Amino acid sequence: MKGFDKLDVRDLEGSAFRMIGDEWMIVTASNEAGEYNSMTASWGGLGVLWGEPVAFVFVRPQRYTHEFSEAGELATLSFFGGEHKKELSYFGIKSGRYTDKFKDMGFHPIKTDEGSIAVEEAATVLSCRKLYADEIKHECFIDSEVDARAYPAHDYHTVYVYRIEGAYKKEQAKS
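In this note's numbering, the protein residues as written are 58 to 232.
Here it is in structure tokens:
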């Protein structure tokens, strides 16, 4: 991927708690036709499942990105290291159904070596392929207070488990 160094996912630097929960990420999902949509997310996780490096992504059904997540297998997670909070807020508020968020915020889509679309301005990108999807279910909550707090409208997320197939870090300026 032009402008990025490919690295082993085990060599990623930073805390997933900080990267996702505090600094946020842009999730970009692509369908089979190569169309894509992006949204900001602050819920998710990184880890190992089924012997694979994976990312866990949560998308509500009313989000436009959900259609792309359902229709295709590819997604990226673009991390900015605390930079571009204004742009990430915009990606979380505005719908790609009605506006070109990339153009509006001066971002540029870039294709990963695996064929997924990422944000060129990101510091770190994870290129992923869908392994599993399921709806969060009311009846599966053990702690009903979490259900009531997170889902007062019962608009449960779909959880996607993605295999991380490529990890990229922005190339450092050579001195």
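Glycine included, each C-beta is placed from N, C-alpha and C at the ideal position. Predicted model only: the values in this text are computed from it and were never measured.
Asp204 places its beta carbon 8 angstroms or farther from that of His214. Beta-bridge annotation (DSSP): Ile221 is paired with Cys185. Of all alpha-carbon atoms in Phe113, Leu145, Leu106, Pro166, the one lying nearest the alpha-carbon of Gly91 is that of Pro166. Cα atoms of Val176 and Glu127: separation of roughly 20 angstroms, rounded to the nearest angstrom. Annotation: the continuous alpha helix (DSSP H) that includes Met162 extends over 158–162. Nearest to Phe125 by alpha-carbon distance, out of Lys160, Asn88, Phe159, Leu103, is Asn88.
Between Val114 and Ile174, the alpha-carbon positions lie close to 16 angstroms from each other. If you look at Asp204, you'll find it in the alpha helix (DSSP H) that goes 201–207.
Here Glu228 carries a coil assignment [DSSP, helix/strand/coil].
Cβ-Cβ separation between Arg220 and Glu109: approximately 5 angstroms, consistent with a contact (criterion under 8 angstroms).
With respect to Gly172, Leu131 sits close: the two C-beta atoms are nearer than 8 angstroms. Counting along the chain, no alpha helix (DSSP H) covers Thr133; the unbroken beta strand (DSSP E) around it starts and ends at 131–136.
Thr97 and Gly139 have their C-alpha atoms roughly 13 angstroms apart. Arg186 has its alpha-carbon roughly 10 angstroms from the corresponding atom of Ala112. Rounded to the nearest whole angstrom, the C-alpha separation of Ala180 and Trp81 is 12 angstroms.
Restricted to the stretch 81–133, the alpha helix (DSSP H) segments that are unbroken, complete and at least 4 residues in length are 121–128, listed in chain order. Proximity to Thr122 across Tyr155, Pro209, Val182, Asp65 peaks at Tyr155, based on C-alpha coordinates.
Ile150 carries a helical assignment under DSSP once its states are collapsed to helix, strand and coil.
Rounded to the nearest angstrom, the gap between the Cα atoms of Asp200 and Asp68 is 35 angstroms.
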